[in-house]
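**Q** Which chain is which? The protein sequence lines are A and B, in order.
Under the numbering used here, the residues of the first sequence are numbered 1 to 351, in order.
Under the numbering used here, the residues of the second sequence are numbered 1001 to 1351, in order.
2 protein chains.
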Amino acid sequence: MNEHTHLVIMAGGKGARFWPLSSEELPKQFLDVTGCGRTMLQSTLDRFKDLVPIGNVWVVTLAQYAELVREQLPELPAGNLLLEPCGRNTAPCICYVSWKIKKRDARANIVATPSDHYVENLAAFRTAIVDALEFAAETDAMVTLGMKATRPETGYGYIKADLSYASSRRKSIYRVDGFIEKPDLEHAKEYYAQNSYFWNSGIFIWSVTTVVNAFRVYDAQMSRLFEGLWNVYDTPEEQARINEVYPQCESISVDYAIMEKAEDFFVRPSDFGWSDLGSWHSLLEQLQKDERGNATVGPDVNLYDTHNCIVHTAGEKKVVVQGLDGYVVCEKDGTLLICKLTEEQRIKLFH
Amino acid sequence: MNEHTHLVIMAGGKGARFWPLSSEELPKQFLDVTGCGRTMLQSTLDRFKDLVPIGNVWVVTLAQYAELVREQLPELPAGNLLLEPCGRNTAPCICYVSWKIKKRDARANIVATPSDHYVENLAAFRTAIVDALEFAAETDAMVTLGMKATRPETGYGYIKADLSYASSRRKSIYRVDGFIEKPDLEHAKEYYAQNSYFWNSGIFIWSVTTVVNAFRVYDAQMSRLFEGLWNVYDTPEEQARINEVYPQCESISVDYAIMEKAEDFFVRPSDFGWSDLGSWHSLLEQLQKDERGNATVGPDVNLYDTHNCIVHTAGEKKVVVQGLDGYVVCEKDGTLLICKLTEEQRIKLFH
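#1: Does any C-beta atom of chain B lie closer than 8 Å to the C-beta of residue 339 of chain A?
#2: Please report how far the alpha carbon of residue 120 of chain A lies from the alpha carbon of residue 181 of chain A, in whole angstroms.
#3: Taking the alpha helix (DSSP H) that residue 1135 of chain B belongs to, which residues open and close that run?
#4: Following the continuous alpha helix (DSSP H) through residue 46 of chain A, name the residue where it begins and the one where it ends.
#5: Does residue 1269 of chain B come out as helix, strand or coil in the three-state DSSP assignment?
#6: Strictly by DSSP, which residues pair up with residue 1179 of chain B?
#7: Can you tell me whether residue 35 of chain A is helix, strand or coil according to DSSP?
#8: Please go through the same chain and pick out, in chain order, the residues whose beta-carbon is closer than 6 Å to the beta-carbon of residue 1203 of chain B, but skip the five residues on each side of it.
#9: Would you grab the beta carbon distance between residue 1072 of chain B and residue 1042 of chain B for me? Rounded to a whole angstrom, and I think it's under 8 Å.
#10: Does the distance between the C-beta of residue 1104 of chain B and the nearest non-hydrogen atom of the ligand FMN fall short of 7 Å?
#11: Looking at C-alpha atoms only, which residue of A:111, A:333 and A:319 is the closest neighbour of residue 206 of chain A?
#12: Whose CA, out of A:5, A:19, A:77 and A:195, lies closest to the CA of residue 283 of chain A?
#13: Is the beta carbon of residue 208 of chain A sitting closer than 8 Å to the one on residue 101 of chain A?
#14: Based on Cα-Cα distance, which residue from B:1321, B:1272 and B:1091 lies nearest to residue 1251 of chain B?
#15: So what's residue 1052 of chain B in DSSP terms, helix, strand or just coil?
#16: Can you give me the Cβ contacts of residue 1260 of chain B inside the same chain, cut-off strictly under 6 Å, excluding the 5 residues immediately before and after it?
#17: In chain order, what residues of the same chain lie with their CB nearer than 6 Å to the CB of residue 1058 of chain B, ignoring the 5 residues before and after it?
#18: For the region 224-250 of chain A, which residues have a beta carbon sitting closer than 9 Å to at least one beta carbon of chain E?
#19: Start and end of the beta strand (DSSP E) containing residue 205 of chain A?
#20: Residue range of the alpha helix (DSSP H) that residue 24 of chain A falls in?
#21: The beta strand (DSSP E) that contains residue 83 of chain A, what's its start and end?
#22: Would residue 1189 of chain B count as contacting chain A if we go by Cβ distances under 8 Å?
#23: What residues in the region 1300-1325 of chain B have a beta carbon less than 8 Å from any beta carbon of chain A?
#24: Does the structure place the region 184-192 of chain A close enough to the region 123-132 of chain A that three or more beta carbon pairs sit under 8 Å?
#25: Which one of A:162, A:51 and A:148 has the shortest CA to CA distance from residue 126 of chain A?
#26: Tell me the rounded alpha-carbon separation between residue 1067 of chain B and residue 1015 of chain B.
#27: So residue 1329 of chain B contacts chain A; which residues on that side make the cut at Cβ distance below 7 Å?
#28: Who are residue 357 of chain A's beta bridge partners in DSSP?
#29: Within its chain, find whatever has a CB closer than 8 Å to the CB of residue 155 of chain A; leave out the 5 residues flanking it on each side and keep chain order.
#30: May I ask you to list the residues that DSSP assigns as paired with residue 148 of chain A?
#31: Tell me the start and end of each unbroken beta strand (DSSP E) in the region 283-323 of chain A that is at least 3 residues and wholly inside, in chain order.
#32: What in chain B is Cβ-close to residue 334 of chain A, meaning under 8 Å?
#33: Given this structure, state the Cα-to-Cα distance separating residue 1315 of chain B from residue 28 of chain A, to the nearest angstrom.
#34: Taking any Cβ of chain B, which residues in the region 22-36 of chain A have a Cβ under 8 Å from it, in chain order?
#35: Within the chosen definition, does the region 1132-1143 of chain B reach the region 1231-1242 of chain B through at least 3 CB pairs nearer than 8 Å?
#36: Check the Cβ-Cβ distances between residue 1350 of chain B and every residue of chain A, and say whether any is below 8 Å.
Here is the structure:
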């Protein structure tokens, strides 16, 4: 555990996925999606246990979710919860928290992570994080974790690595050749067939100096807005001034604002069973399945003649499903969804 | 409204059908199965409005359901609720209440009906009841309503009428040639093809004199048990004595004890859209269906690409079903069932 290691958890997503399990009032990061007993946000913090002192953990979320974060992470210091007055994607979030961290600890090294992703192999995850952190601390480089593709997925962005150009300091870290947005199936198959393409995990590792400088260079306007608040950080004025400044920010992802423009971006290829859990189908892929391909979350779920289904009914005392193949069944707080997994992209139209 | 007309509602069934909607704690007769706003028991009483004074309405049920009856029929006089200490089928129920009615009104004419059947056409129902009541009052005959078969149903018993032998008093009432238990499909088709076979509705019409005499002749032992309590009826001792006597009764239906042995049984053919609602499928048949053959009970049920389903989710705020054909979906108090209608006979094995 290094005293200069900081963790930024981005927990502002409104994710409409997993309806009716999730909702705008209770997005995915605040839910125990996998039935493990911890919410996605809690699991995200759990993964960094023994890597980051709790005083160095920062959570950025929408103001409306403040109470949810306080309930779910009671150990988080009050001053480390940063509240966005409105959603502006990830760049303002990272810019704001980076300036805050810089004021607190000018020698900080930061891991910035989404709050709603799934990781299967914790040991491999920690090895990759430690590796990337050490590299970022030593070189002032920006690093992202690239996931080994296990299928020609069209739902993820890709990172092309220059495998001939391993870092001299870390054999396991390569220079990034380019970032690629979510491809069509044809391209996804092409990337999947090659070993130099990785899924973009959205997990970034960098020193506070590096990321602050990157904002200064690549998004000077946004950088000035948050640098201008230097003297009000950690004062009673801070939230009011943030509430003024935030709406002025462009709504832009850190990928667009910084990552794709930076010259020196590196990727740490990793294979720790990762998913952004972007769909019921991807959740089914991650959950433990019975011999008929079904995954269930709930106290008393009974399946008959049923295959390849995900039944997520944690609030139901008893569930009986007979004769379904390839469906999601979800009940939450008086709302019930039954839908073919092949049709799940239509769920957003249903509610 | 005739002051000597009495109504006996048999409400002691534990009906395990319609799980999880119904349960032993809350059987079908106490539920609003069709979503009409009234329970089956309440609807049964409603059908006799203006035909029977409320003081002449009798409900026989298991002691454990007493409070449910009082809640659902608050207008029922306290002394007209008869409580069985244990289930003994319909013969002891009819014998007990008949002796009670005889003591109250020796000139009574009685309609005895199940509490959990469905009737579509109320006007036709009332015409049939009035017809049969007048006939029973005039002739001391026993009458049952025979339902015009609308399909070769194997789930009902049949009545064979001697159509050449219409009553001289009522052209619409025929002598019964025989009672037939639930047939196999081959026989059901045969009966359906002929116009002299009717479904046995389980609704009986007779004078109190006739039914009491029938018990004396055909089940003297049971008759003596209840005749022996003549002096305790309507006294504080009644329930305690009934609790002693009831377990001594043979568990037997009135059909076996009386009906099949009686010489002079008559049938009033009727066609008022009747069902015993013995299955989810039969409920689907009775409910109003959309153009895709679906019936729903619930405040906000949304169906997509869905056909021939019954969705009974009165307690759910919102339901979305996509891509089902021929299923029952039912949620009640934290229990959810999804099952193919063709497999519904297995539901009893699921819970």
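For each residue, glycine too, the CB sits at the ideal point set by N, CA and C.
**A** In brief:
#1: At least one chain B Cβ lies under 8 Å of residue 339 of chain A.
#2: Roughly 25 Å between the two C-alpha positions.
#3: Start and end: 1122-1139.
#4: For residue 46 of chain A, the enclosing alpha helix (DSSP H) starts and ends at 40-46.
#5: DSSP places residue 1269 of chain B in strand when its eight states are reduced to three.
#6: According to DSSP, which records beta bridges pairwise, residue 1179 of chain B is partnered with B:1159.
#7: In the structure shown, residue 35 of chain A adopts coil according to DSSP, grouped into three states.
#8: Taking residue 1203 of chain B as the centre and dropping the five residues before and after it, the same chain places the C-beta of 1113 and 1145 closer than 6 Å to its C-beta, in chain order.
#9: Confirmed, about 6 Å.
#10: For the ligand FMN, the structure offers nothing, since it holds no ligand at all.
#11: Nearest C-alpha to residue 206 of chain A: A:111.
#12: The shortest Cα separation from residue 283 of chain A among A:5, A:19, A:77 and A:195 belongs to A:19.
#13: Their beta carbons are under 8 Å apart, which means residue 208 of chain A touches residue 101 of chain A by this criterion.
#14: Minimum Cα distance to residue 1251 of chain B is reached at B:1091.
#15: It is coil, neither helix nor strand.
#16: So the list reads 1179, once near-sequence residues are dropped.
#17: Correct list, in chain order: 1008, 1080 and 1097.
#18: Among the protein chains in the structure shown, which are A and B, there is no chain E.
#19: Here the beta strand (DSSP E) through residue 205 of chain A covers 197-207.
#20: Per DSSP, residue 24 of chain A belongs to no alpha helix (DSSP H) and is neither H nor E.
#21: That run of the beta strand (DSSP E) goes 81-84.
#22: Interface flag for residue 1189 of chain B against chain A is unset, since no Cβ pair is found closer than 8 Å.
#23: Only 1302, 1304, 1305, 1313, 1315, 1316, 1317, 1318, 1319, 1320, 1321, 1322, 1323 and 1324 from the region 1300-1325 of chain B bring a Cβ to less than 8 Å from some Cβ of chain A.
#24: No, the region 123-132 of chain A does not touch the region 184-192 of chain A.
#25: Considering only alpha carbons, the answer is A:51.
#26: Annotation: residue 1067 of chain B to residue 1015 of chain B spans about 18 Å, alpha carbon to alpha carbon.
#27: Result: 338.
#28: The first residue shown for chain A is 1 and the last is 351, placing residue 357 of chain A beyond what the model contains.
#29: Here residue 155 of chain A has 182, 276, 278, 279 and 282 as same chain residues with Cβ atoms under 8 Å from its own Cβ, once five neighbours each way along the sequence are excluded.
#30: Residue 148 of chain A is bridged to A:198.
#31: Listed in chain order, the complete beta strand (DSSP E) runs (minimum 3 residues) inside the region 283-323 of chain A are 295-297, 301-304, 310-312 and 318-322.
#32: Neighbours of residue 334 of chain A across chain B, judged by C-beta separation under 8 Å: 1315, 1316, 1317 and 1318.
#33: Note on geometry: alpha-carbon atoms of residue 1315 of chain B and residue 28 of chain A lie some 25 Å from one another.
#34: Across the region 22-36 of chain A, no CB contact with chain B closer than 8 Å is found for any residue.
#35: By the Cβ test, the region 1132-1143 of chain B is not in contact with the region 1231-1242 of chain B, since fewer than three Cβ pairs between them sit closer than 8 Å.
#36: Residue 1350 of chain B counts as touching chain A.
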